[in-house]
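For this note's numbering, add 314 to where a residue sits in the sequence shown, where the first one is 1. Working notes, beginning with the structure itself.
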Amino acid sequence: MINFKTGKIALVVGAVCLSASAFAQTSAVYTVDPTQLKATIQPTMYGIFFEDINMGADGGLYAELVKNRSFEFDNALMGWKVAGDSSAVKVVDRKAERPDNPHYINVTVPSAQGIGLSNEGFRGMGIRKGEGYNFSVIARQAAGSNVTIQLELRDESGKAIGSAVVQPKSAQWKKFNVSLTATAQAAKGSLYITLKGRGNIDLDMISLFPQHTWKNRANGLRADLVQMLADMKPGFIRFPGGCIVEGRYLVNRYQWKKTIGDVDKRETIINRWNTEFKHRSTPDYFQSFGLGFMEYFMLAEDIGAEPLPILNCGMACQFNSGELVPVDQIDPYVQDALDLIEFANGDASTKWGKLRISLGHPAKFNLKMLGVGNENWGPNYVERWTLFRDAIKKKYPQVKIVTSTGTDPDGARFDTLNTAFRGLKADILDEHYYRPPQWFRDNAKRYDSYDRNGPKIFAGEYAAHVPGVDDALKKNNLEAALAEAAFMTGLERNADVVNMASYAPLFAHVDAWQWAPDLIWFDNLKHYGTPNYYVQKLYSLNKGTNVVPMLLNGQPIAGQDGIYANATINKNTKELLIKVVNVSGKSHKASLDIKGLSNYQTKAWVTTLTSDKPDVVNSLEQPQFIAPAEGSVNVSGSSLVVDAEPYSFKVIKLKMK
């Protein structure tokens, strides 16, 4: 239960510790047979879905602090303010010369007073005391000019909390670097540049990164957010989305070849979530692609996850423009898929494998699966998918293709695609469900009746959306998380059908979100995992290798008295893993009749996620108000008795002797 003074959760084992007005208690005997190994659970069973929504990349996972660093937003100076004569700063268009980076600024510095430029960052810049920061700029200045760049990190009040000087003396474009250290912390700081001296200077790619990125890489990722992912030990990471893949129009679809190599050659485009929702319009939301396909592959490698890239199938978002590439013009899209596999898996004798090696990664990424299309539907999708399938399987028969079943888990669109792709013997069907908690509770047996010999299932995007909750940060409450946990007992029980699952979306900036709920919320300095995050993490860390029977009166445990449960064995660690979810307000005594219980140690380890209120949430101020608590219970007699508190999720671990 939660101690509301400390925000901590105490594990209750044995008797349930409730007040005089205690909830009613129910009880049942559940049979568990660890000797009957059923479905094999894939290492990819639980993964993560990443999309650049809610400022999840620029302003989030991607550690760049400067917004609009290359002046490519529709308003080329968005995010920037000029101090002094604003006419001294001109945006130069060089589209014919550099279509991938068509703009830079030219500044005429008229006097010793100089010209000031400030960048506001992504809802401010998170600056940490004592942290080193790397500033860089690509610059050139005309002969006879003598302009010096003075840098300041500033806090919210405008006070300088770090400084450095750059002297960009070059008549040709050249990158200049300098480091500076912050003397204080600011959650919404800024970068201030003063151009001193006299003359004329061109500036492009003005950049500021913390030195402490994930693995301290240049052009790196925000270390604390990556750590949250690494802690989950996900089986896969799906990237780059999502609707990002489709684009509102094909011109702003995701094109992976434009996201690798030098960052100043990665073409910035508008983010499709920029104006998608009028109530959350975000006109300063663009994609710099500093976080591109190479970075995604390396992230997957870093956290031990299988990469799962999703590619455009020649169709823009059907909720927006619905643009289609004519079938007789689809070859470049198909070739992009073939080239991506070569980029990931090719050796130095191949064009794209050689490029990967030249980018500093000689080892192959060992790509095993690839998605064709995202939430597409209709005969146009089936027709285009078939062309991709034929080309990919001809050259790379071992690569599994992930296939859309549309936007919903039922209805005419779903039924049509489900029938068509089963007939076409698709490898993996990608099902999505954003539904109320009741849907998840009611559908815990969804896959019990699926064809065991048909395509495998990827529960590619799901989240319980609690009706009537208007506050975005309160949508990620315990009720939603427990509904998902209940549903996941059915995913795991049917691991012979369901091979992959991922909650979506993954990240959201508290000041710049478009969609809620989300798994992890953050601001410029802090972050927290939601109750939903802890459910996903507990499943991922405790999935086991094989399903074993756990039954009540010979039936799966899928809602009887508000209880959902399943059991697995981990053959590698010799552990029995039992998950029990209580979505009700009643306390429940679970008596576990485990075959061969004497073969296990006499102490079971129990991890519990619970509260006596289903609408409680975590926050930046109390990031672990609801978090897993560790405890144990002794095994005595012929069964193991565990109390499932109201509104709780438990993982019970028994080790063999």
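Ideal Cβ positions, reconstructed from N, Cα and C, are used throughout, including at glycine.
query, result
"Chain-order list of residues whose beta-carbon lies under 6 Å from that of Y568 (same chain, five-residue window excluded)", "P554, I558, V559"
"Proximity winner among Q350, T358, K547, relative to K682 (alpha-carbon distances)", "T358"
"Backbone secondary structure at A881 - three-state DSSP", "strand"
"Inter-residue Cα distance where the pair is V965 and S953", "17 Å"
"Rounded C-alpha distance that separates E697 from R586", "25 Å"
"L351 versus I908 - alpha carbon distance", "14 Å"
"Exposure of E935, with buried meaning 16 or more beta-carbon neighbours within 10 Å", "exposed"
"Stretch-stretch touch, CB-based, cutoff 8 Å, three pairs: the region 716-725 with the region 742-752", "yes"
"Assigned secondary structure, K903 (DSSP; H/G/I helix, E/B strand, else coil)", "strand"
"At least 3 beta-carbon pairs within less than 8 Å: the region 453-463 vs the region 476-495", "yes"
"Element boundaries [alpha helix (DSSP H), containing W666]", "665-672"
"Cα-Cα separation, M864 to N880", "6 Å"
"R468 classed as buried or exposed, judged by whether at least 16 other C-beta atoms fall within 10 angstroms", "buried"
"Alpha helix (DSSP H) segment containing Y447, residue limits", "Segment 446-455 is the beta strand (DSSP E) holding Y447; no alpha helix (DSSP H) there."
"Three CB pairs or more closer than 8 Å across the region 398-406 and the region 429-437", "yes"
"Proximity to V565 [Cα-Cα], best of A758, K708, G628", "G628"
"L375 vs L517 beta-carbon contact at 8 Å", "no"
"Burial state of R766 (16 or more Cβ within 10 Å)", "exposed"
"Residues near K917 in its chain [Cβ-Cβ closer than 8 Å; skip 5 each side]", "S946, V947, N948, V949"
"Beta strand (DSSP E) segment containing T972, residue limits", "Residue 972 falls outside the range modelled here, since the chain spans only 315 to 971, and no answer is possible."
"For P416 and S380, the rounded distance between their alpha carbons", "The sequence shown places Val at residue 380, not Ser. Between V380 and P416, the C-alpha separation is close to 18 Å."
"Span separating the alpha-carbon of T844 from that of D366", "19 Å"
"Local Cβ density within 10 Å of P424, reported as buried at 16 or more and exposed below that", "exposed"
"Segment contact, 8 Å Cβ cut-off, at least three pairs: the region 512-527 with the region 431-447", "yes"
"Through-space distance from T345 to T922, alpha-carbon basis", "21 Å"
"8 Å Cβ cutoff met for L787 and S925", "no"
"Proximity to L368 [Cα-Cα], best of K900, Y599, F801, A941", "Inspection of the sequence shows that residue 368 is occupied by Asn rather than by Leu. Checked all of K900, Y599, F801, A941; the closest Cα to N368 is Y599."
"Whole-angstrom distance between N694 and K708, CA atom to CA atom", "22 Å"
"Inter-residue Cα distance where the pair is G472 and E378", "21 Å"
"Cβ-Cβ distance between L796 and V895 below 8 Å", "yes"
"Assigned secondary structure, Y748 (DSSP; H/G/I helix, E/B strand, else coil)", "strand"
"Alpha-carbon spacing of Q915 relative to L891, whole angstroms", "13 Å"
"Status (buried if at least 16 other CB within 10 Å, exposed otherwise) for L738", "exposed"
"Neighbourhood of Y563 by C-beta, 6 Å cutoff - its chain only, sequence neighbours within 5 removed", "A630, S635, E637"
"Beta-bridge pairing of G685 - partner residues as DSSP gives them", "I624, V716"
"Cβ distance (whole Å) where G373 is taken to contact H823 below 8 Å", "6 Å"
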